[in-house]
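*Asks:* The structure's right below; bear with me while I get my questions together.
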Amino acid sequence: MPRMESPRAAGIESIGIAVPDAYVDLADLAAARGVEPAKYIAGLGVTRMAIPSVREDAVTLAARAGERALASGAIDPASIGLLIVGTETGVDHSKPVASFVQGLLGVSRSARVFETKHACYAATAALQMALDWVRSGSARGKKALVIGADVARYGLRTPGEPTQGAGAAALVVSDSPAILAVDAGLSGVASEDVLDFWRPLYSKDAFVDGHYSVSCYLAALEGAFVDYRRSAGADGSAAGFTDRFDAIVYHVPYGKMARKAHQHLRRCDGDADPDASFDRMVAPSLVYPSLVGNCYAASLYLAFASLLAHSERDLAGRSVALFSYGSGYCGELFSGTVAEGARERVRALAFDASLAARRRLPIAEYEELMRAREDQDRMPRSDDGEGIRLLGVEQHKRVYAR
Ligand code: CAA
Numbered sequence: 002m003p004r005m006e007s008p009r010a011a012g013i014e015s016i017g018i019a020v021p022d023a024y025v026d027l028a029d030l031a032a033a034r035g036v037e038p039a040k041y042i043a044g045l046g047v048t049r050m051a052i053p054s055v056r057e058d059a060v061t062l063a064a065r066a067g068e069r070a071l072a073s074g075a076i077d078p079a080s081i082g083l084l085i086v087g088t089e090t091g092v093d094h095s096k097p098v099a100s101f102v103q104g105l106l107g108v109s110r111s112a113r114v115f116e117t118k119h120a121c122y123a124a125t126a127a128l129q130m131a132l133d134w135v136r137s138g139s140a141r142g143k144k145a146l147v148i149g150a151d152v153a154r155y156g157l158r159t160p161g162e163p164t165q166g167a168g169a170a171a172l173v174v175s176d177s178p179a180i181l182a183v184d185a186g187l188s189g190v191a192s193e194d195v196l197d198f199w200r201p202l203y204s205k206d207a208f209v210d211g212h213y214s215v216s217c218y219l220a221a222l223e224g225a226f227v228d229y230r231r232s233a234g235a236d237g238s239a240a241g242f243t244d245r246f247d248a249i250v251y252h253v254p255y256g257k258m259a260r261k262a263h264q265h266l267r268r269c270d271g272d273a274d275p276d277a278s279f280d281r282m283v284a285p286s287l288v289y290p291s292l293v294g295n296c297y298a299a300s301l302y303l304a305f306a307s308l309l310a311h312s313e314r315d316l317a318g319r320s321v322a323l324f325s326y327g328s329g330y331c332g333e334l335f336s337g338t339v340a341e342g343a344r345e346r347v348r349a350l351a352f353d354a355s356l357a358a359r360r361r362l363p364i365a366e367y368e369e370l371m372r373a374r375e376d377q378d379r380m381p382r383s384d385d386g387e388g389i390r391l392l393g394v395e396q397h398k399r400v401y402a403r
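Take any residue in the sequence shown, count from 1 to its spot, add 1: that is its number in my numbering.
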């Protein structure tokens, strides 16, 4: 009989994060909406939400994050053989965001390039595909660049308004996982056809059945946990399975959702005091999300970067679980081991300093920007500004500049 070879190690080699340079302070929004600030800040667990300018979209955010991930790992764009952008706020029904990113970053012309979609799960679908591509040997020494990029947008004065945000997280995936070695074969999935959150083709704003979406998230988490435990060959009746993880990172539409998720997961795991482990296992992952807001496909990986940068303990050599949730729904729980030096690599991104340097938008300006973004697809060209940005739309073609 042929000998079964164990799969190659695969995981995340480097990370890059990009968010808009402006934000709305939730205390300002609460005052403008006649709501107690405590509802947004303590009740939802959000203090600021990133707001993109008219020159920013999923392409510019993805390209900026991708550029940082490549620079952080000193990775040549020519070594990328697979480029996938997971997004639910793409800019074209045919041309993928990844294709624009390929042009902006000079990624190899022999790369396989495409977009994935399943709400906030899109980047995790891409990550899992990239990991299997590396493990199978099909990568032939090349690396994958997987990016989650989104502009989370609900209508003005809707219940979803305080849970907006925008950003991108880029992951270089390879057989040299200098950030996280992802466990092969250990993963749990739960999926179901529901309408908890959606965005019809004709709308810039997402629609959501808010409280129902929370219960769908928790159902997906529970299903994925049961499936993960099965993949690990564990006895379903034994309590304390999740104690094998030093930290659990959740998809963060708003910080309070991660707390609800942790309570639910630990209760499913037989923990009568699920809050007791929250500060140790979850809190460090919520620092960045509370300052950025939701960024859909990027949200889980923004939270993962936050965990590495803000955990007091060095998690090198420790096991971490990640739960990805995409409305509609598909949820996946997977895990990995943090690499030696991962904390230093993520801290070297100096993301805290970038967040501190952002501009606080007055509410009137934010509302005007939201209206102006409605017309972004027809925006006339202007070459003002610098850096990676949308110059405008000419003859139905989006034109970007570095
Ligand atoms: N002080 C402290 N807390 C307060 C408060 C005050 N003065 N006033 C209210 N609160 C608390 C409430 O008790 C509540 O906490 P609990 O959930 O722990 O009970 C919290 O603040 C929110 O209050 P409400 O439930 O009354 O808020 P709401 O009905 O206006 O809307 C929401 C909340 C449904 C999350 C809404 O913001 C929304 O629809 N958001 C978008 C949907 C979403 O993010 N869903 C998450 C799951 S789906 C997903 O994860 C995919 C994705 O990315 C979209």
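Glycine included, C-beta positions come from ideal geometry on N, C-alpha and C.
Small disclaimer: the values here were computed from a predicted structure and weren't measured.
Within the present structure, is the beta-carbon of F198 separated from the nearest heavy atom of the ligand CAA by less than 6 angstroms?
*Replies:* yes
*Asks:* Closer than 6 angstroms to a non-hydrogen atom of the ligand CAA - does that hold for the CB of Y326?
*Replies:* yes
*Asks:* Between the Cα of E89 and the Cα atoms of A63, L83, P78, R110, which residue gives the shortest distance?
*Replies:* A63
*Asks:* Does the stretch 245–265 come close enough to the stretch 212–223 that 3 or more CB-CB pairs lie under 8 angstroms?
*Replies:* yes
*Asks:* Around the C-beta of S328, are 16 or more other C-beta atoms found within 10 angstroms, so that it is buried, or is it exposed?
*Replies:* buried
*Asks:* Assuming V339 and L181 are in contact, meaning their beta carbons sit under 8 angstroms apart, how far apart are those beta carbons, in whole angstroms?
*Replies:* 6 angstroms
*Asks:* Can you round the beta-carbon distance between V209 and Y155 to whole angstroms, since I take them to be within the 8 angstroms contact cut?
*Replies:* 7 angstroms
*Asks:* What residues in its chain sit with their C-beta under 7 angstroms from that of P290, if we drop five residues either side in the sequence?
*Replies:* V253, G256, S300, L303, A304, S307
*Asks:* DSSP has S410 in a bridge; who is on the other side?
*Replies:* Nothing in the structure corresponds to residue 410, since the chain is present only between 2 and 403.
*Asks:* With Y401 as the anchor, note down where its beta strand (DSSP E) starts and where it stops.
*Replies:* 398–402
*Asks:* Starting from the Cα of A354, find the closest Cα among I18, S175, R200 and give me that residue.
*Replies:* Selected option, being the one with the closest Cα: I18.
*Asks:* Which of helix, strand or coil does DSSP assign to H311?
*Replies:* helix
*Asks:* Just tell me which of V47, K205, R344, A248 has its CA closest to the CA of A179.
*Replies:* R344
*Asks:* Just curious, the beta strand (DSSP E) that T61 is in, first and last residue?
*Replies:* Per DSSP, T61 belongs to no beta strand (DSSP E); it is in the alpha helix (DSSP H), 59–73.
*Asks:* Do the stretch 104–111 and the stretch 72–88 make contact, defined as three or more Cβ pairs closer than 8 angstroms?
*Replies:* yes
*Asks:* For the stretch 112–138, list the alpha helix (DSSP H) runs that are entirely contained and at least 4 residues long, ordered along the chain.
*Replies:* You should have 123–137.
*Asks:* With DSSP collapsed to three states, give me the class of M2.
*Replies:* At M2, the pLDDT of 48 sits below 50, so the modelled position is not reliable; the number obtained from the coordinates is stated separately. Here M2 sits in coil by DSSP.
*Asks:* Put E387 into one of helix, strand or coil per three-state DSSP.
*Replies:* coil
*Asks:* Hey, V408 and L222 are a contact pair by Cβ (cut 8 angstroms); roughly how many whole angstroms apart?
*Replies:* There is simply no residue 408 to check, as the chain begins at 2 and stops at 403 in what is shown.
*Asks:* If you pair each beta-carbon of the stretch 131–144 with each one of the stretch 9–17, do three or more pairs fall below 8 angstroms?
*Replies:* The stretch 131–144 is in contact with the stretch 9–17.
*Asks:* Does T338 come out as helix, strand or coil in the three-state DSSP assignment?
*Replies:* The three-state reading of DSSP puts T338 in strand, counting E and B together.
*Asks:* Using 8 angstroms as the threshold, is the stretch 308–317 in touch with the stretch 197–208, meaning 3 or more CB pairs across them?
*Replies:* no
*Asks:* Below 8 angstroms, can you find three or more Cβ-Cβ pairs linking the stretch 53–67 to the stretch 118–136?
*Replies:* no
*Asks:* Which residue comes first and which comes last in the beta strand (DSSP E) that contains A343?
*Replies:* It is not in any beta strand (DSSP E) - A343 instead sits in the alpha helix (DSSP H) that spans 343–348.
*Asks:* With distances taken between CB atoms, is the gap from G332 to A225 smaller than 7 angstroms?
*Replies:* yes
*Asks:* For the ligand CAA, is there any heavy atom lying closer than 6 angstroms to the beta carbon of T164?
*Replies:* yes
*Asks:* From the DSSP secondary-structure annotation, give me the bridge partner or partners of D26.
*Replies:* R49
*Asks:* What is the residue span of the alpha helix (DSSP H) that E14 lies within?
*Replies:* Segment 12–19 is the beta strand (DSSP E) holding E14; no alpha helix (DSSP H) there.
*Asks:* So if DSSP puts V55 in a beta bridge, which residue, or which two residues, is it bridged to?
*Replies:* Answer is none; V55 lacks a bridge partner.
*Asks:* Roughly how many angstroms lie between the CA atoms of K118 and L71, to the nearest whole one?
*Replies:* Distance between the alpha carbons of K118 and L71: 23 angstroms.
*Asks:* Counting only runs of 4+ residues fully inside the stretch 188–272, write out the alpha helix (DSSP H) ranges in chain order.
*Replies:* 211–232, 256–269
*Asks:* Would you mind working out which of G294, G388, R348 sits nearest L45, comparing C-alpha positions?
*Replies:* G294
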